[in-house]
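In the UniProt record's numbering, the protein residues as written are 1 to 1276. One structure below.
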Amino acid sequence: MLRYHSNSNMGHLDRAIVQFQSVLDRCPSRHPGRSAALSNLAMARFISCQTRKAYLDLGVPIALYEEALDLRPANHPDRLSTLINFSIALLTRFRRMGDDSQLLDDAISRHHDAESYYVGRPEWVPLQVNLSAALVTRFRRQGLDLDEAIQRGRATVLQTTVGDQHRASLTNLAIALQTRFEHRGGNGDLDEAIQHHRDALLQVLVGHPDHPLCLVNLGSALATRFEHLHVENDLDEAIQLFRDALPLMPAGNPHRWITLNNLSGSLCTRFQLRSDDNDLDEAIQGHRDALLLMRIGTPDRPASLTNLANALQTRFTRQGDGDDLDEAIKRCRDALLLRPVGNPYRSASLNNLANALRTRFELQGEANDLDEALQHHTEALLRRPTGHPDHLSSLMNISLGLRTRFERLGIENDIDRAVQYCRDALLLTPPGHPHRAKSLNSLAETLSERFQRLGDWSYLDEATKHSRDALILTPVGSPNSSTSLNTLATVLMVRFDQRGDKNDLDEAIQHYRDALLLRPVGHPARSISLSNLANALYRRFEHRGDLSDLDEAIQHLRDALLLTPARAPGYPASLNSLAIALCTRFERQLDGSDLDEAIQRCRDTLPLVPVGHPNRSTILDTLGSALSARSHLGLEDDRTDLDEGIQCYRDAVSLKLAKHPNHLIPTTNLANALLTRFKQRDDRNDADEALQLCHSAQNQTPSNYRSRWAILYTLARIYFHLWEARHIEEHLQHAMHHYEAAASFEYASALLRLQASIAWIRGAELHQHPSALDAYARALQLLDSHISTSAAVQSRHDVMKHFPTNIGANAASCALRRGDIPRALELLEQGRAILWTQIARFRTPLDDLLTRGSRAEMLVKKFRYLSSALDSLGQRAEASSMQNIPRATADAEARRYQILVDDWNGVVEEIRTFDGFSRFLLPPLFSDLQKSACEGPVIVLLAGGVSCDAIIVLHEQSPIHIQLEITPEELARLAEQHRENISLRRPDREVFLIVLRVLWAKVVSPVVVELEKIIPKRSRVWWCPTSLFTVFPLHASGQHWEGGISFPRRYVSSYTPSLSALVKARRATRSPPPVSFAAIGQAKPDGQPVSFGPLEFVESELNVLESRLPLSSVVFKKLTSSESTRRETLRAFQENHWLHLSCHGMQNFAEPFKSFLAMRDGPLSLLDIINVDLFRHEFAFLSACQTAMGELDTPDEAVHLAAGLQFSGVKSVIGSLWSVGDEVACMLTARFYEEFCAQGRMDCTMAARALHEAVRALAKEGVPIEYRMVFVHIGI
């Protein structure tokens, strides 16, 4: 033995064993030397088993030690050494084989027997080291002795200072502390363990046999700390330590496979963090190498198989290679076979195999996989009873499996059991438990799924509460935070789909954005977050119609697909979502490339989703939609596309589970496609089938489900086209009924209901149905509601362009055809100047309500606060739209805006409960509108779809209706002719005269006939033109030949963009004297979006103006070209109630709220102006081009500079209908102020008459009509 110890020659060891056996054979049972012979042979046999790794043979030295111990009673001098050696042999066999807990108990018992004899002796330290390690091992198996192990470990460290025993003491104490941390938490234990591992590593030199093991121990502790605290440096250091240890462990080293497993596990963890495929591939190879180094029967082989299976499953999720998943399942099965019934780790293997089988089911849809998974989950749960540390995870796993089967098969008992298991899990995670957030999220997801299939709002409300609680419990920015954010967002999306609450949708999008920020580029779940956010944005586009949401959704889906391999489980769903979004964008923009891409995407996806795949039905439905859409393009293959689309819908319907929450979507789509084919081919069978499908879907859909809107709308379309084909009165009645139901369906968005209202209008008008007026009223109400969802007024204007521009005029025309003139005016007013009306709502004074008591006073304060906040948010939204503001920030602002709007609406409803305020901020009644004519008649001109009409509004008399001779088509041609002419650098005078003469003959002359009956000549009248009439200089119409009649010779004209605007201007408080007047001139502006030439007469105009003002009663301020910056001009607007501006002006037709006046340092836009408080302002003269021009896309909105001033509070405004030379402007200004100030006082109500006289004076001076008629007066 001495020779063996000196040179490790196995031959010497083998000969020693033979000799020791020979000695033993010569010592019978009562021989005094038998115990020594047994002990020597046991020692040699034990060394041989360890050296040769013949751990199965350890029973021989154990039996020898046990017999030797029996022969050495308590007082025997060698009993203690024999006892220690016997204990070490027992402990070694347990560690190597792990199949008999009794071995561990016996080893610990023998150590306890020995320790009392070694107190104070050198042997006490190694005894304590062994005993502490054994106690930790038993804790991991039986949950006992950990605190005792730590106590003994601390005592051992204190008894040693340096050397191998001290290092072993440090290592054992560190392992015990680390174990306690893993089971009880407490960062202090883990930090102390890491420090002890570092100290142990410092005490061992490179080349020492224990050096690699010290590296591995420290690496394991750092990896554990990363798992809990997520400090990336810990993980990187752990991986480096494992890599440093491996070269020091040759192939035969018993710790090499353990280190490979540790390194591979940490690489897998880092892959989850950074998505570096190299880490994952290296981890899988490391697990494979570890398996090759492990002997069959090694206790840790099942764990190594499991680690390899988990890594393979991760790579499958990442790359979608089915071979990885199949191998993972095989490895899990191998691990399970090595853990038979009775093995304490069998439940873990059952769960691992079950999870892998469930994943394969989700990919391939094979029911046997899911049934087997649930069987394994059930067995695992039985082996983990209440109190077992893994009972909680088993509850969650079996709940997820049951939920998955319910999603596929719709077995109600499955989802009820899943809910109960989640509730049981929640009971096991009371407040303060580290896994409570996870339990809350799991229960929330399961309750949400149950609600979607089986209804009962209480489940959805409970799901929302639990997901909010989970998010509160999750530290901000932690990796689990993204999971909680996604869960809450998903539940909110379900609630939005059913209740249509826009705040739920906005909040969900915000949570999805926050989750995406926590999953940066490289994060393995980033593609999931991108898809979730994209789908929510798409839903918001459906709800509000903002194209930027749709474009962003498409971009996110493209990004998600780039991150998702074609074989990955989530790839088909993302591809389908992209196809749907592309189809939708095609419907909006009619870009055929979007539609072609959508079709190709669907065709590419179908092979990835064979029959039985959960996504096959959805993709077939999307392909059907794309093909049906393409069939409308009039291509050669349109019949083939439609037939194929219908077949796709049929296949989708056949695959959709009856209880699936979306099972009626392909049914409704199929009905629409059949309707299209009926319209093309007149096959009544198609129409009958479509009706049958919709009625069946309607019967299956609860009345409060949002999807019911599509069924109602489709039924309306089917009945309407049946009416057109067969002219059966019942069909028309059914169509109008269902259009009305769809337009009134409260669970649908305002956009969808507006869509139904517009279709209802078209159908009712086309066939003169009596419900047309109701359809118009509903559409106007919904248009206002839909547009108000955006904070930015320019965004609202953009939204308006997507709807008919003349709904209000057509509504009024409809009422006129029924002889209801007051109703016509009410509808017309409701449909005009919607944008200005919405702005004004937040600037409404409520002084009269302040005297109604404390409640009224509180409401006024709240109304003013909310109105101010909304106004400010609107201004910030405008600024954001002009800058590169992140979408997340803009969304947060939009969400806050929606919340404030809801609060504001609530306050408005309360205000309406007070006497005299019942119609507060409601569309005005005719009796209110009549007040606009208190100073003279108002002539409303409207161009409806079938006729052009004039209404003369009188103050205390019935309005007069005049049907005009001009047709809408003729009016449109005349408007185009006039627009083209005024856009020329030198307009054609003859064209002007033609336009003015046609207007006189067919529009104005009939009005004059009626006016002459009720007012004298030279009286004031107000024009209120709508739609195409807003283009024309109505005030200048006439025959315009010598001795001919013209309107200016009869009456003094003013304009008003709406009747309400005129009423408001008359009601406004007049500013007290003295008059504060600002004259602002800018002849040479810089920094403009377009280049302007210098204006030669600006300074002269300002000087002439100043000379005409009664300066004794006027506080006059002049800003010359060098002074009139944007800032100084806005200050002049704020400080003065009378304004005159002489400068360049321009109407922006694409974005009219960016129309501007050119100042020295840049454009002063309409948006800038309306954000100034102008409610006490009296008068403004805009001596600039195009300040009252307006634009054609939304003519009834009167979005131009002059109207903006008037709506913002200026009572009297003069502006220009087109471009004008500055010399003419200067001449007109001189004549105007000469008339305006003739009486030595300033009165804004005299501006119209002064302008009238000034224009007459220019005519006498020979100024051509096209120049002198450019200026108009707006207001009182």
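All residues carry an ideal CB built from backbone N, CA and C; glycine is no exception.
(message) I need the DSSP call for His230, collapsed to helix, strand or coil.
(response) In the sequence shown, the residue the question calls residue 230 occupies position 230. Three-state result, His230: coil.
(request) Identify the continuous beta strand (DSSP E) that holds residue 1280 and give its terminal residues. (result) This structure does not reach residue 1280, given that the chain is present from 1 up to 1276, and the question cannot be answered.
(request) Could you give the DSSP three-state label for Leu1028: helix, strand or coil? (result) Locating residue 1028 in the sequence shown gives position 1028, where the first residue counts as 1. Reduced to three states, the DSSP call for Leu1028 is helix.
(message) Let me check understanding here. Comparing Cα to Cα, which of Asp78, Gly831, Arg93 lies closest to Pro61?
(response) Taking the sequence shown and counting its residues from 1, one reaches residue 61 at position 61. With distances taken between CA atoms, Pro61 lies nearest to Arg93 out of Asp78, Gly831, Arg93.
(request) Quick one: using the 10 Å Cβ neighbour count with 16 as the cut-off for buried, is His196 buried or exposed? (result) For the purposes of this step, residue 196 is identified with residue 196 of the sequence shown, where counting begins at 1. Buried is the call here.
(message) Among the candidates Leu606, Leu64, Ala335, whose CA atom is the shortest distance from the CA of Asn351?
(response) What you label residue 351 is simply residue 351 of the sequence shown in a count that begins at 1. When C-alpha distances from Asn351 are compared across Leu606, Leu64, Ala335, the shortest belongs to Ala335.
(request) Keeping to the same chain, check which residues put their C-beta closer than 8 Å to that of Ala629; ignore five residues upstream and five downstream. (result) Working through the sequence shown from its first residue, we reach residue 629 at position 629. Result list for Ala629: Cys583, Phe586, Glu587, Leu595, in chain order.
(message) For Asp289 and Phe406, what's the separation of their Cα atoms in angstroms?
(response) Within the sequence shown, the letter at position 289 stands for residue 289. Within the sequence shown, the letter at position 406 stands for residue 406. One C-alpha to the other measures close to 40 Å.
(request) Tell me, please, whether the region 1098 to 1114 touches the region 1073 to 1088 by the rule of three or more beta-carbon pairs shorter than 8 Å. (result) The region 1098 to 1114 makes contact with the region 1073 to 1088, as at least three CB pairs between them are under 8 Å.
(request) Could you round the C-beta distance between Ser394 and Ala380 to whole angstroms and report it? I think they count as a contact, below 8 Å. (result) Taking the first residue of the sequence shown as position 1, residue 394 is located at position 394. Taking the first residue of the sequence shown as position 1, residue 380 is located at position 380. Rounded, the Cβ-Cβ distance is 5 Å, consistent with contact.
(message) Can you check which of these residues, Arg198, Asp191, His183, is closest to Thr171 by C-alpha distance?
(response) Residue mapping note: residue 171 aligns to position 171 of the sequence shown, counting from 1. Relative to the Cα of Thr171, the nearest Cα in the group Arg198, Asp191, His183 belongs to Arg198.
(request) Determine, using beta carbons only, whether Ser1076 and His1137 come nearer to each other than 9 Å. (result) Position 1076 of the sequence shown, counted from the start, is the residue given in the question as residue 1076. Position 1137 of the sequence shown, counted from the start, is the residue given in the question as residue 1137. Yes, the pair counts as a contact, with Cβ atoms nearer than the cut-off.
(request) Note down the Cα distance separating residue 1311 from Ile472, rounded to an integer number of angstroms. (result) The structure shown has nothing for residue 1311, since the chain only spans 1 to 1276.
(message) By DSSP's criteria, Asp949 is part of a beta bridge. Which residues make up the other side?
(response) Locating residue 949 in the sequence shown gives position 949, counting from the first residue. BP columns for Asp949 point to Leu942, Gln963.
(message) Assuming Val940 and Leu827 are in contact, meaning their beta carbons sit under 8 Å apart, how far apart are those beta carbons, in whole angstroms?
(response) Counted from its first residue, the sequence shown places residue 940 at position 940. Counted from its first residue, the sequence shown places residue 827 at position 827. Contact flag wrong, Cβ pair sits at about 12 Å.
(request) Would you check if the region 369 to 377 and the region 341 to 359 touch, i.e. whether three or more CB-CB distances between them fall below 8 Å? (result) Cβ pair count under 8 Å is three or more, so yes.
(message) Checking the sheet assignment: what are the DSSP bridge partners for Met736?
(response) Along the sequence shown, one-based indexing puts residue 736 at 736. Looking at the DSSP assignment, Met736 forms no beta bridge with any residue, so it has no partner.
(request) List the endpoints of the continuous alpha helix (DSSP H) containing Glu1119. (result) Numbered from 1 along the sequence shown, position 1119 holds the residue referred to as residue 1119. The residue asked about is misnamed: residue 1119 is Leu in this sequence, not Glu. Note, Leu1119: premise wrong, no alpha helix (DSSP H); beta strand (DSSP E) at 1114 to 1119.
(message) Looking only at its chain, what residues have a beta carbon closer than 6 Å to the beta carbon of Arg1166, apart from the 5 residues adjacent to it on each side?
(response) Within the sequence shown, residue 1166 is the residue found at index 1166, counting from 1. Note that residue 1166 is Leu in the sequence shown here, rather than Arg. Cβ neighbours of Leu1166 beyond the five flanking positions: Phe1153, Ser1155, Leu1201, Gly1204.
(message) Taking 7 Å as the limit between beta carbons, can you name the residues of its chain near Leu412, skipping five residues before and five after?
(response) Locating residue 412 in the sequence shown gives position 412, counting from the first residue. The sequence as given places Glu at residue 412; Leu does not occur at that position. Excluding positions up to five away in sequence, the list reads Leu454.
(request) Taking only the alpha-carbon atoms, compute the straight-line gap between Ala1180 and Ser1212 and give it to the nearest angstrom. (result) Mapped onto the sequence shown, residue 1180 falls at position 1180. Mapped onto the sequence shown, residue 1212 falls at position 1212. If I take the Cα positions, the gap works out to 7 Å.
(message) Buried or exposed for Met858, going by 16 or more other Cβ atoms inside 10 Å?
(response) Locating residue 858 in the sequence shown gives position 858, counting from the first residue. With fewer than 16 other Cβ atoms within 10 Å, it is exposed.
(message) Taking only three categories from DSSP, how would you classify Gly432?
(response) As a position in the sequence shown, residue 432 is number 432, starting the count at 1. DSSP places Gly432 in coil when its eight states are reduced to three.
(message) Would Phe1232 and Leu1251 be called neighbours here (beta carbons separated by less than 9 Å)?
(response) As a first step, residue 1232 must be located in the sequence shown, where it is residue number 1232. As a first step, residue 1251 must be located in the sequence shown, where it is residue number 1251. Judged by their CB atoms, Phe1232 and Leu1251 are nearer to each other than the 9 Å cut-off.
(request) Could you tell me which of Ile951, Trp836, Ser854, Leu929 sits nearest to Phe914, measuring between CA atoms? (result) By 1-based counting over the sequence shown, the position of residue 914 is 914. Out of Ile951, Trp836, Ser854, Leu929, the CA that lies nearest to the CA of Phe914 is found in Ser854.
(message) Once the 5 residues before and after Arg519 are set aside, which same chain residues still bring their CB inside 6 Å of it?
(response) The residue labelled residue 519 in the question sits at position 519 within the sequence shown. Within the same chain, Arg519 has close Cβ partners Ser482, Ala525, Arg526, Ser529.
(message) Can you find the residues in the same chain that come closer than 6 Å, C-beta to C-beta, to Gln1199, ignoring five residues on each side of it along the sequence?
(response) Counting from one through the sequence shown, the residue named residue 1199 turns up at place 1199. The sequence shown places Val at residue 1199, rather than the Gln named in the question. These residues qualify, in order along the chain: Pro1152.
(request) Pull up the distance between the alpha-carbon of Arg468 and that of Asn535, whole angstroms please. (result) Start at 1 with the first residue of the sequence shown, and residue 468 comes out as number 468. Start at 1 with the first residue of the sequence shown, and residue 535 comes out as number 535. Distance from the CA atom of Arg468 to the CA atom of Asn535, rounded to whole angstroms, is 21 Å.
(message) What would DSSP say about residue 1284, mapped onto helix, strand or coil?
(response) Nothing can be reported for residue 1284: it is not among the residues displayed for the chain, which extend from 1 to 1276.
(message) Between Leu1028, Glu910, Ala950, which has its C-alpha nearest Pro1006's C-alpha?
(response) By one-based count along the sequence shown, residue 1006 stands at place 1006. Nearest C-alpha to Pro1006: Ala950.
(request) Within the region 1137 to 1171, note down every full alpha helix (DSSP H) run reaching 4 residues or more, in order along the chain. (result) If we require 4 residues or more, the alpha helix (DSSP H) runs fully inside the region 1137 to 1171 come out as 1166 to 1170.
(message) Tell me which residue opens and which closes the beta strand (DSSP E) that Ala74 is part of.
(response) Locating residue 74 in the sequence shown gives position 74, where the first residue counts as 1. Run containing Ala74: none; DSSP gives neither H nor E here.
(message) Per DSSP, what are the beta-bridge partners of Val1213 in this structure?
(response) Position 1213 of the sequence shown, counted from the start, is the residue given in the question as residue 1213. Answer is Ala1180, Ile1274.
(message) On a Cα-Cα basis, can you pick out the residue from His391, Pro340, Thr404, Leu338 that is closest to Glu366?
(response) In the sequence shown, counting from the first residue as 1, residue 366 sits at position 366. The residue with the shortest Cα to Cα distance from Glu366 is Thr404.
(request) Please name the residue in Asp546, Ser548, Tyr571 whose C-alpha comes closest to that of Arg558. (result) Position 558 of the sequence shown, counting from 1, holds the residue named residue 558. It is Tyr571.
(request) Could you spell out where the alpha helix (DSSP H) holding Ile839 opens and where it closes? (result) On the sequence shown, position 839 is the one that residue 839 refers to. Start and end: 834 to 841.
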